[in-house]
Every structure is written in structure tokens, then in C-alpha cells.
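> In our numbering, the protein residues as written are 25 to 194.
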């Protein structure tokens with residue numbers, strides 16, 4: 025059995041991860057609607073990754089005999105004004121998710137739940153990669169996005185991204 029604070033925090037994280045998936049699906053649709061299919065694909069892959077993260081947290085609770093509580097997923101409320109805005113919003117969201125995972129880690133540390141801390145280690149590393157990837161995409165857009173040929177090439181590159189399910193053993 026896990027500490028009640030840990031169970032509650034992980035249940036909240038499951039909802040945040042599903043919302044992230046939903047949010048990135050909205051971003052993906054925005055880019056597809058604007059014929060930037062590579063960007064649409066990139067965010068479609070993000071959608072799959074966030075769903076997989078939610079499922080890992082969910083499975084962790086199940087494997088520890090805890091009840092999973094699914095909450096309603098809020099509708100994304102971002103109104104896009106530019107192609108760059110969605111990238112900036114994604115970066116801010118990744119920082120938010122990183123902080124949320126750090127908060128769970130702090131609770132686990134406080135209650136000396138070393139098993140949960142070890143489980144969260146993978147997510148901490150993953151979030152570092154997520155932040156780096158989105159930050160680099162923002163910077164690359166700054167460099168190439170205002171040039172139609174550069175935007176075309178960046179979009180074409182993003183179209184090649186594929187989903188690889190996480191291999192975390194829980």
C-alpha cells in the first residue's frame with residue numbers, strides 16, 4: 025500500500041497526463057488544419073507519449089493495490105494566434121508537468137517512499153528530454169520558421185517522427 029498523499033498525487037498526475045495528451049491532440053489538429061502536417065505529426069506523437077505516461081502512472085497504482093480515480097479531462101482552451109505560439113505553449117506545459125512530477129517526488133521523499141522515488145526517476149529523466157526537445161523545436165522555429173523554404177524543410181523533418189512506447193518496467 026502506498027501513502028495516501030502519494031496515491032492522491034499520482035491520481036492527479038494521471039489526469040494531468042491525459043490532459044497533456046488531449047492538449048497536444050488539439051495542437052496537432054491546429055497544425056493539420058493549417059497544412060503543416062509535419063508539425064501535426066510531431067504533436068500527434070506527443071499525444072501518444074503523454075497517453076503512455078498516464079498509463080504508466082495508472083499501472084503503478086494498480087500494481088500497488090491502489091484505486092485509480094479518473095477525473096474529467098478539461099477541454100484545451102488555447103486560441104492560437106501563430107504557429108510559434110503552440111510551440112511556446114507546449115514548452116510552458118512541459119515545465120508545468122515537470123514541476124508536478126517534482127512535487128510528487130518531494131512527497132515521496134517526505135514519507136520515505138523509496139519505491140515511488142525510484143519509479144519517478146524515469147519520469148524526471150523523461151521530462152528533461154521533453155523540455156529539451158520542445159525548447160529545441162522553439163529555437164529551430166525561430167531560426168527557420170519565418171522563411172517559407174526553411175519552414176517547409178522543418179515541417180518535412182517533423183513528419184518523419186515515429187512513436188516508440190516507453191520501456192519502463194513497473
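Virtual Cβ for every residue (Gly too), placed ideally from N, Cα, C.
This one's a predicted model, so the numbers in the text were calculated from it and none came from an experiment.
(1) Is any non-hydrogen atom of the ligand PLP found closer than 7 angstroms to the C-beta of residue 55, if you look at the structure I gave you?
(2) If residue 187 and residue 72 are in contact, beta carbons under 8 angstroms, what's the gap, nearest whole angstrom?
(3) Would you tell me roughly how many angstroms separate the C-alpha atoms of residue 98 and residue 106, rounded to the nearest one?
(4) In three-state terms, what does DSSP make of residue 178?
(5) List the whole-angstrom C-beta distance separating residue 102 from residue 50, where the pair is believed to meet the contact cut-off of C-beta under 8 angstroms.
(6) Within 10 angstroms of the Cβ of residue 40, are there 16 or more other Cβ atoms? Answer buried if so, exposed if not.
(7) Over the uninterrupted alpha helix (DSSP H) stretch that includes residue 158, give me the two end residues.
(8) Over what stretch of residues does the alpha helix (DSSP H) that includes residue 47 continue unbroken?
According to the structure shown:
(1) This structure lacks the ligand PLP, and indeed carries no ligand of any kind.
(2) 5 angstroms
(3) 23 angstroms
(4) helix
(5) 7 angstroms
(6) buried
(7) 138-168
(8) 28-57
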